[in-house]
Amino acid sequence: MSGFVVKGWCPDAWRPMMAGDGLLVRVRPPLGRLTAAQAEGLCEAANVHGNGQIDLTARANLQLRGVTEAGWPALLEELQALGLVDPDPVREGRGAILVDPMWREGDDTHGITTELRARLVELPALPGKVGFVVDAGARPMLSDAPGDFRIERAATGGLLLRADGRATGVAISREDAVDALIRLAHWFVASGGQAAGRMARHGAALPEWTSGAVSPAPAGESLRPGAHPMGAVYGLPFGRIDAAELAAFVRAHRVALRLTPWRMLLAEGVVPAPAAAMVLEDAPILHVDACVGAPACPQASVATRDLAARLAPLVTGRLHISGCAKGCARARAADWVLTGREGAFDLARNARAGAAPLHTGLTPERAVALLGAC
Ligand code: SF4
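Under the working numbering, the residue at position 350 of the sequence shown is numbered 421, and the numbers go up by one with no gaps.
Below, the structure is given as structure tokens:
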């Protein structure tokens, strides 16, 4: 397969997507946090109803794969009982909110997100891939993460509302932040944003009340595996973890988990110690993005992750291996990108998946030989 299908919507628990390995069910834990009980319950559900693997996505969501159509209703009930899925499918569909994972109880990120979650019904119907970002800690952490409507820490020290694709936004207060965000979402729809699909592609001039010149504050320091003031940060190779291994970790520590969009988990209050299938140091495998590839994804013509594991220690810089040109594992450019096409790989440099290649028709062996020599 040389092309890929743009579906224009994202799956959630109420609307799972059929993949090559069964239904894909996406879970968006409130505020990107799982209590120990929720984490254990989710792991059990992944084992009973899915293929026993859990994926952490680039929007800090969790995905269960390999779910059968017959098993999905029971899974949905269990996820609701755990408080991980909204009983209202409309609210669940509107709740794509990416938050700074280092929020603290009562801070701006926590307060604004809690209010936004309570007011999701006030939002208009938005295109399927639209999402929100609440990044209101002392320094922005999510500047590189996709999100159409963004509440961020401003360079002035206050807060700003920024439409994605615009370098600056308008100053807002904590009290009027959610009002302003909802108003911007309504403007987006009223001004034809449905046709554009995403704020960054929407060419209409912003209304005066939201076209300010306030810049976001400089980005904060990236999260790294290892010790952290809030606990321990663990990297997940390719964002995937075995549900049984995660359950064992949670049972051993009885702690909550914070989800990040960087394929890392933050275990609250844990003293860093090795854990099965999780990486506690900045290892080469964490510098590789690879989607699930063939056979799990019907759009892929190549297997991806075995090759990614072989190449990880050989490549300097960021490597992206994508089963097709859609590039699900990484939206931004990588230093090297291998894109599957018609059963072989195209290699490009400083590019996104599907970019004009330097080499085409590469076998995995040829890719290893080429990248190992760079
Ligand atoms: S990028 Fe990977 S996961 Fe996404 S559609 Fe293509 S093959 Fe499938």
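All C-beta atoms, glycine included, are put in the ideal place defined by N, C-alpha and C.
Mind checking residue i: buried by the 16 CB within 10 Å criterion, or exposed?
i: Leu429; result: exposed
i: Ser293; result: exposed
i: Gly340; result: exposed
i: Val342; result: exposed
i: Val204; result: buried
i: Arg401; result: buried
i: Asn421; result: exposed
i: Met173; result: buried
i: Thr375; result: buried
i: Glu140; result: exposed
i: Val373; result: buried
i: Met89; result: exposed
i: Gly164; result: buried
i: Ala344; result: exposed
i: Asp215; result: exposed
i: Arg175; result: exposed
i: Ala131; result: buried
i: Arg325; result: exposed
i: Cys362; result: buried
i: Thr410; result: buried
i: Ala248; result: buried
i: Gly443; result: exposed
i: Glu111; result: buried
If you draw a straight line from the alpha carbon of residue i to that of residue j, how long is it in whole angstroms?
i: Leu135; j: Cys445; result: 37 Å
i: Ala116; j: His181; result: 28 Å
i: Asp406; j: Arg423; result: 9 Å
i: Ser73; j: Cys395; result: Here Ser73 scores only 42 on pLDDT, less than 50, and its place in the model should not be relied on; the value that follows carries that caveat. Looking at the two C-alpha atoms, the distance is approximately 7 Å.
i: Ala379; j: Val408; result: 11 Å
i: Glu223; j: Arg437; result: 44 Å
i: Gln151; j: Leu194; result: 22 Å
i: Gly142; j: Phe309; result: 26 Å
i: Ala440; j: Leu385; result: 10 Å
i: His358; j: His391; result: 9 Å
i: Leu307; j: Ala284; result: 38 Å
i: His196; j: Thr331; result: Note that residue 196 corresponds to Ala in the displayed sequence, not to His. Ala196 and Thr331: Cα-Cα distance of roughly 26 Å.
i: Ala348; j: Tyr305; result: 9 Å
i: Leu127; j: Gly103; result: 11 Å
i: Gly240; j: Gly177; result: 24 Å
i: Gly414; j: Ala207; result: 44 Å
i: Gly302; j: Ala129; result: 21 Å
i: Ile312; j: Ile125; result: 5 Å
i: Glu149; j: Leu133; result: 15 Å
Report whether the distance from the Cβ of residue i to the nearest heavy atom of ligand 1 is below 7 Å.
i: Ser393; result: yes
i: Gln370; result: yes
i: Val363; result: yes
i: Cys114; result: no
i: Cys81; result: no
i: Cys445; result: no
i: Gly398; result: yes
I need the boundaries of the alpha helix (DSSP H) containing residue i, first residue and last residue.
i: Gln151; result: 143-152
i: Ala318; result: 314-324
i: Trp258; result: 248-261
i: Gln265; result: 264-267
i: Gln109; result: 107-120
i: Val192; result: Here Val192 belongs to no alpha helix (DSSP H), and DSSP marks it neither H nor E.
i: Gly164; result: 160-165
I'd like to confirm something about residue i: is its beta-carbon nearer than 7 Å to some heavy atom of ligand 3, or not?
i: Glu316; result: Ligand 3 is not part of this structure, which contains only ligand 1.
Which residue comes first and which comes last in the beta strand (DSSP E) that contains residue i?
i: His391; result: 390-393
i: Asn421; result: 415-422
i: Arg136; result: 133-138
i: Arg272; result: Arg272 -> no beta strand (DSSP E), and no H or E assigned at all.
Are three or more beta carbon pairs between the region 314-331 and the region 227-243 nearer than 8 Å? no
Sufficient close CB pairs (3 or more, under 8 Å) joining the region 120-131 to the region 85-101: yes
Given 8 Å as the limit, is there contact between the region 201-219 and the region 357-369, that is, 3 or more CB pairs closer than that? no
Just checking, does the region 347-358 make contact with the region 293-309 on the three C-beta pairs under 8 Å criterion? yes
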